[in-house]
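Peer 1: Protein chains in written order, with numbering that gives the first Met the number 0: chain A, 0 to 450; chain B, 0 to 243.
Backbone N, C-alpha and C define an ideal beta-carbon position, used for all residues, glycine too.
Values in this document were obtained by computation on a predicted structure and should not be read as measured data.
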Amino acid sequence: MNKKPKQGKLLTNGFAIPTIGGVDCVVEELLGKGGQGEVYKVNIGGQHLALKWYNERTRTQALKTSLEELIEMGSPSDKFLWPIQVIECQGQFGYTMGIIPAGYESAQKVQSPTVKLTYKMAAKVCLQLVDSFRKIHAKGLCYQDVNFGNLFINFQTGDILICDNENIAPHGRSITGVIGFQGFMAPEIVRGEHMPDTQTDLFSLAVLMFHLLFIEHPLDGARYANSIMDPEMVRKCYGSDPLFVFDPNDDSNRPIKGTQENAHIFWNLYPQFVKDAFTQVFTMGLNDRNKGRPLLQDWIDVFRKLQENIFPCPHCGCDVVYDTHIFKQTQQISCWRSSCTGFGQKLQVPPRLRIKVGNRERVIVLNTDTKLFQYQMAREPDFEKGGKIVGEVVRNPKDPTKWGIRNKTAETWQFVSKSGETKDVSPEKALPLSASVKNIDFKTATAEIRI
Amino acid sequence: MDNNDFVNETGAVEVSKRILRLYWLVDVSASMSGKKIGEVNYAITEVIPDLQDEAAKNYTVQMNVRAMKFGKGAAWHTSETKIENFEWTYVDADAPRTDTGAALALMAEELTEENLGAGRGLPPVIILMSDGEATDDYESGIQKLLAQKWGRKAIRIAIAIGADADTEQLLKFCSNPKECPPIEATNARKLVDSITWASVAVSQSVSQAKVGNSEDNIIPLPPMPQETIALGAETTEDEDDDVF
Numbered sequence: 000m001n002k003k004p005k006q007g008k009l010l011t012n013g014f015a016i017p018t019i020g021g022v023d024c025v026v027e028e029l030l031g032k033g034g035q036g037e038v039y040k041v042n043i044g045g046q047h048l049a050l051k052w053y054n055e056r057t058r059t060q061a062l063k064t065s066l067e068e069l070i071e072m073g074s075p076s077d078k079f080l081w082p083i084q085v086i087e088c089q090g091q092f093g094y095t096m097g098i099i100p101a102g103y104e105s106a107q108k109v110q111s112p113t114v115k116l117t118y119k120m121a122a123k124v125c126l127q128l129v130d131s132f133r134k135i136h137a138k139g140l141c142y143q144d145v146n147f148g149n150l151f152i153n154f155q156t157g158d159i160l161i162c163d164n165e166n167i168a169p170h171g172r173s174i175t176g177v178i179g180f181q182g183f184m185a186p187e188i189v190r191g192e193h194m195p196d197t198q199t200d201l202f203s204l205a206v207l208m209f210h211l212l213f214i215e216h217p218l219d220g221a222r223y224a225n226s227i228m229d230p231e232m233v234r235k236c237y238g239s240d241p242l243f244v245f246d247p248n249d250d251s252n253r254p255i256k257g258t259q260e261n262a263h264i265f266w267n268l269y270p271q272f273v274k275d276a277f278t279q280v281f282t283m284g285l286n287d288r289n290k291g292r293p294l295l296q297d298w299i300d301v302f303r304k305l306q307e308n309i310f311p312c313p314h315c316g317c318d319v320v321y322d323t324h325i326f327k328q329t330q331q332i333s334c335w336r337s338s339c340t341g342f343g344q345k346l347q348v349p350p351r352l353r354i355k356v357g358n359r360e361r362v363i364v365l366n367t368d369t370k371l372f373q374y375q376m377a378r379e380p381d382f383e384k385g386g387k388i389v390g391e392v393v394r395n396p397k398d399p400t401k402w403g404i405r406n407k408t409a410e411t412w413q414f415v416s417k418s419g420e421t422k423d424v425s426p427e428k429a430l431p432l433s434a435s436v437k438n439i440d441f442k443t444a445t446a447e448i449r450i
Numbered sequence: 000m001d002n003n004d005f006v007n008e009t010g011a012v013e014v015s016k017r018i019l020r021l022y023w024l025v026d027v028s029a030s031m032s033g034k035k036i037g038e039v040n041y042a043i044t045e046v047i048p049d050l051q052d053e054a055a056k057n058y059t060v061q062m063n064v065r066a067m068k069f070g071k072g073a074a075w076h077t078s079e080t081k082i083e084n085f086e087w088t089y090v091d092a093d094a095p096r097t098d099t100g101a102a103l104a105l106m107a108e109e110l111t112e113e114n115l116g117a118g119r120g121l122p123p124v125i126i127l128m129s130d131g132e133a134t135d136d137y138e139s140g141i142q143k144l145l146a147q148k149w150g151r152k153a154i155r156i157a158i159a160i161g162a163d164a165d166t167e168q169l170l171k172f173c174s175n176p177k178e179c180p181p182i183e184a185t186n187a188r189k190l191v192d193s194i195t196w197a198s199v200a201v202s203q204s205v206s207q208a209k210v211g212n213s214e215d216n217i218i219p220l221p222p223m224p225q226e227t228i229a230l231g232a233e234t235t236e237d238e239d240d241d242v243f
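Encoded structure:
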């Protein structure tokens, strides 16, 4: 199994680069190469890191300054493989970052025949991704180079890592000259009208998420079935004349039947509210860069809603989404698996909680393991704080056939019982899950139970 | 439900791939014999693992390669093969002629729409390697190649090996004669580097659908590698400088 260490063109294996810290950075082997340079595995005082070393064309003073600023700023969260230190030698330079840990694989693996994201995984991955972009945008920066190659996913846990962060730069400026990756760039960049900024990030992020959920590209469909993808066609497809493959008013660019079948399969699996968000960005959002693209908060709402509406099929146990749009149309939710006895049948849907915060309403499906979160109960813009558990579905220890929602807050909840009496639910007590429970008052929100 | 069950139940299929065809057209005239053809063989052998690595990372592009040799006439050296299955068998150079025209005509026959279909492919990459002047009807070969849609759209790169190559003739083959005229590989190192660059970096640009800033229909080619010495390398005599 001892593979010969790979040798790069820019640094020699075994070469020790002195660092400012006084400890040598010893080059061990080449990990990869790209247009900007090469990435090596290095050893600095016993710690293994990755060292990205730039080639002559890429290494500019501006890039070095930008890297130093990013390092000074520090990583926005543990989802980023952030630059750690600039290393210099003989007028050349690079930067160190962590090595991608075992278990993480390129996000592109969703295009392999054996790996796809389940609803829960898709929601988890996209929420982390969107929140990571929010952290960058909040600092007045944008990512600029969104593409499959920069995202790594642990397909067992759904955790993500974002790498190649050196292209992150202030809104509207490009330090490295990178303006994006074809197919992920916003149409206005392809048309040469704009530099990367937060609005173009919103577009690129939507393309990446579309790929994660629906596998194929959102703009490359039947219109290009008989085209050689030369620059003229590429510009038309992604820039001058883009058309969403699922455009509700124009079906001329649908994913090619058979060839791009995955897009049809997965589009049909997702609830309308997910499809609506993608439809918005790839129809209105193609041309109206200011108002047409869902904001990061909108995407957070979409994927939280997806998480809140998953329940196990009572027949086969697989995850099914409670899609109110389908329910209103057909009066039923069915299992999507053709081999399940619940396929095409009306499934018994678990109880739902309809929560109102101000005039905003959300419906949460209550499974036996459902948790309620801070963001559902109050206006909470902070993603982390919003993730605080404020309630959980529990079984009544005295009567295991009965269920309730345990109050995990410090406040006392109230509700009106069948007899019209107002009852208290103190902290750590449980609100009974019963159709007779009315006018639930969570203090920051009101709610009702649907059974 | 774990991932495998999920994938099976959804009925997910293999993702659709666009095909990127890479062609190596190798001059096997007698003047290529010895070091030159040895270097070509070496370079192609070396570049295959790099191309395979690239292919393994790319789920949306299928790279197929095919090699042709030309000397007295032209003939396919291999069939069109997926890069992951491709193995290089060395070619010898002993032909009494340099029938580049025949090579281009054979290339044109390959690139017909009947053969490759109407589309859903990427522009092919054709690398023509020669050390001399064509001994047959070069012009008509070029005409035949450019008469094909796939031929016109192809990225056509010429590598002029050694000092005797007819760069003026090769220039007519190039798809981007201004920015990428025939690459003059005057030593072994340059020859290996240029074959590697034309095979790996150029096909990367094609598969990533790179477009230039201008409105023309030319795929921007990645910069040629500069001759650099790796930091920390032993600074002994450069052994790649031999004239050949």
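1) Do you know how far the Cα of S337/A is from the Cα of E8/B?
2) In whole angstroms, what separates the C-alpha of G343/A from that of S333/A?
3) Quick check on this structure: which residue in R234/A, H210/A, F281/A has the alpha carbon closest to the alpha carbon of N248/A?
4) Out of Q110/A, I99/A, A221/A, which one is the CA nearest neighbour of E13/B?
5) Could you name the residues of chain A that P248/B contacts, counting a contact when the two beta carbons are closer than 9 angstroms?
6) In whole angstroms, what is the alpha-carbon distance linking A164/B and G238/A?
7) If distances are taken between C-alpha atoms only, which option among A446/A, M283/A, K442/A comes closest to S435/A?
8) Quick check on DSSP: helix, strand or coil for R303/A?
9) F180/A versus chain B: which residues are under 8 angstroms apart at the beta carbon?
10) Use the C-beta contact count for T329/A: other C-beta atoms within 10 angstroms, 16 or more gives buried, fewer gives exposed.
11) Could you check whether P181/B and I158/B sit closer than 8 angstroms to each other, using their CB atoms as the reference points?
12) Mapping DSSP to helix, strand and coil, what is K384/A?
13) Check whether chain B comes within 8 angstroms of T524/A, counting only Cβ atoms and requiring the distance to be less than that.
14) Can you name, in chain order, every residue of its own chain whose Cβ lies under 6 angstroms from the Cβ of V27/B, other than the five neighbours on each side?
15) If you draw a straight line from the C-alpha of E108/B to the C-alpha of A146/B, how long is it?
16) Run through chain A and tell me which residues come within less than 8 angstroms of E13/B, C-beta to C-beta.
17) Which partner residues of I83/A appear in the DSSP bridge assignment?
18) Going by CA-CA distance only, name the one from C312/A, A137/A, V356/A that's closest to C339/A.
19) List, in order along the chain, the chain B residues whose C-beta lies closer than 7 angstroms to that of I214/A?
20) Taking the straight line between their C-alpha atoms, what separation do you get for T113/A and D4/B?
21) Note down, in chain order, all residues in the region 221 to 235 of chain A with a beta-carbon under 8 angstroms from any beta-carbon belonging to chain B.
22) Whose C-alpha, out of E379/A, Q143/A, T156/A, D158/A, is nearest the C-alpha of N164/A?
23) Output the distance between the C-alpha atoms of S483/A and Q46/A, rounded to the nearest integer angstrom.
24) Which residues in chain B have a C-beta closer than 8 angstroms to the C-beta of S105/A? List them in chain order.
25) State the CB to CB distance for the pair P350/A and F310/A, rounded to an integer number of angstroms; the pair is presumed to be in contact (CB under 8 angstroms).
26) Since T445/A sits in a beta bridge, which residues does DSSP pair it with?
27) Between the C-alpha atoms of L242/A and L127/B, what's the straight-line distance to the nearest angstrom?
28) Report the residue from F202/A, D130/A, R449/A whose alpha carbon sits nearest the alpha carbon of N286/A.
29) Taking CB distances under 8 angstroms as the criterion, tell me whether T59/B reaches chain A.
30) Which stretch, first to last residue, makes up the beta strand (DSSP E) that contains F92/A?
31) Closer than 9 angstroms, Cβ to Cβ, to anything on chain B: give me those residues from the region 2 to 15 of chain A, in chain order.
32) Could you check how far apart the C-beta atoms of I70/A and I83/A are, in whole angstroms? I think they sit under 8 angstroms.
33) At a Cβ threshold of 8 angstroms, is N216/B touching chain A?
34) Roughly how many whole angstroms lie between the Cα atoms of L24/B and A66/B?
Peer 2: Result, derived from the coordinates:
1) For the purposes of this step, residue 8/B is taken as residue 9 along the second sequence, with counting starting at 1. For the purposes of this step, residue 337/A is taken as residue 338 along the first sequence, with counting starting at 1. Looking at the two C-alpha atoms, the distance is approximately 8 angstroms.
2) Here the question's residue 343/A lines up with position 344 in the first sequence. Here the question's residue 333/A lines up with position 334 in the first sequence. Near 5 angstroms, if we compare the C-alpha coordinates of S333/A and G343/A.
3) Along the first sequence, one-based indexing puts residue 248/A at 249. When only C-alpha atoms are compared, the closest one is F281/A.
4) Along the second sequence, one-based indexing puts residue 13/B at 14. Of the listed residues, the one whose Cα sits closest to E13/B is Q110/A.
5) The requested residue 248/B does not occur in the structure, where chain B is confined to residues 0 to 243.
6) Locating residue 164/B in the second sequence gives position 165, where the first residue counts as 1. Locating residue 238/A in the first sequence gives position 239, where the first residue counts as 1. Straight-line Cα distance between these residues: approximately 41 angstroms.
7) Against the first sequence, residue 435/A aligns to sequence position 436. That would be A446/A, whose Cα lies nearest to the Cα of S435/A.
8) Along the first sequence, read from residue 1 onward, the residue named residue 303/A stands at position 304. Helix at R303/A.
9) Translated into positions along the first sequence, residue 180/A becomes position 181. Under the 8 angstroms cutoff, chain B gives Q207.
10) Here residue 329/A refers to the residue found at position 330 of the first sequence. Under this definition T329/A is an exposed residue.
11) Against the second sequence, residue 158/B aligns to sequence position 159. Against the second sequence, residue 181/B aligns to sequence position 182. In this structure, P181/B lies closer than 8 angstroms to I158/B by Cβ.
12) Stepping through the first sequence from its first residue, residue 384/A is reached at position 385. K384/A falls in the helix class under three-state DSSP.
13) Residue 524/A is absent from the structure shown; chain A starts at 0 and stops at 450.
14) Position 28 of the second sequence, counting from 1, holds the residue named residue 27/B. These residues qualify, in order along the chain: K68, G70, V90, A92, A94.
15) Residue mapping note: residue 108/B aligns to position 109 of the second sequence, counting from 1. Residue mapping note: residue 146/B aligns to position 147 of the second sequence, counting from 1. One C-alpha to the other measures close to 10 angstroms.
16) To locate residue 13/B, count along the second sequence from 1; it is residue 14. Here the neighbours are P112.
17) Within the first sequence, the letter at position 84 stands for residue 83/A. DSSP output for I83/A lists no bridge partner at all.
18) The residue given as residue 339/A occupies position 340 in the first sequence. The residue with the shortest Cα to Cα distance from C339/A is C312/A.
19) The count along the first sequence starts at 1 and reaches residue 214/A at position 215. Correct list: V14.
20) Start at 1 with the first residue of the first sequence, and residue 113/A comes out as number 114. Start at 1 with the first residue of the second sequence, and residue 4/B comes out as number 5. Rounded to the nearest angstrom, the two C-alpha atoms are 10 angstroms apart.
21) Y223, A224, N225, S226, I227, M228, D229, P230, E231, V233, R234
22) Taking the first sequence and counting its residues from 1, the one referred to as residue 164/A is at position 165. Comparing Cα-Cα distances from N164/A to each of E379/A, Q143/A, T156/A, D158/A, the minimum goes to Q143/A.
23) Not covered by the structure: residue 483/A. The range shown for chain A is 0 to 450.
24) Numbered from its first residue, the first sequence carries residue 105/A at position 106. In chain order: K56.
25) Sequence index remark: in the first sequence, residue 350/A carries index 351 (1-based). Sequence index remark: in the first sequence, residue 310/A carries index 311 (1-based). Their Cβ separation, rounded to whole angstroms, is 10 angstroms, which puts P350/A and F310/A out of contact at 8 angstroms.
26) As a first step, residue 445/A must be located in the first sequence, where it is residue number 446. DSSP, once it has assigned bridges, lists K355/A, D440/A as partnering T445/A.
27) Here residue 242/A is taken as the residue at index 243 of the first sequence, counted from 1. Here residue 127/B is taken as the residue at index 128 of the second sequence, counted from 1. So the alpha carbons of these two residues sit roughly 38 angstroms apart.
28) Here residue 286/A corresponds to residue number 287 of the first sequence, with the count starting at 1. The candidate whose alpha carbon is nearest that of N286/A is F202/A.
29) Position 60 of the second sequence holds residue 59/B. So yes, T59/B belongs to the interface.
30) Numbered from its first residue, the first sequence carries residue 92/A at position 93. F92/A -> beta strand (DSSP E) spans 91 to 96.
31) Q6, G7, K8, L9, L10, T11, N12, G13, F14, A15
32) Against the first sequence, residue 70/A aligns to sequence position 71. Against the first sequence, residue 83/A aligns to sequence position 84. About 7 angstroms; that satisfies the 8 angstroms criterion.
33) For the purposes of this step, residue 216/B is identified with residue 217 of the second sequence, where counting begins at 1. It does; some Cβ of chain A falls within 8 angstroms.
34) In the second sequence, the residue the question calls residue 24/B occupies position 25. In the second sequence, the residue the question calls residue 66/B occupies position 67. Roughly 6 angstroms separates the two Cα atoms.
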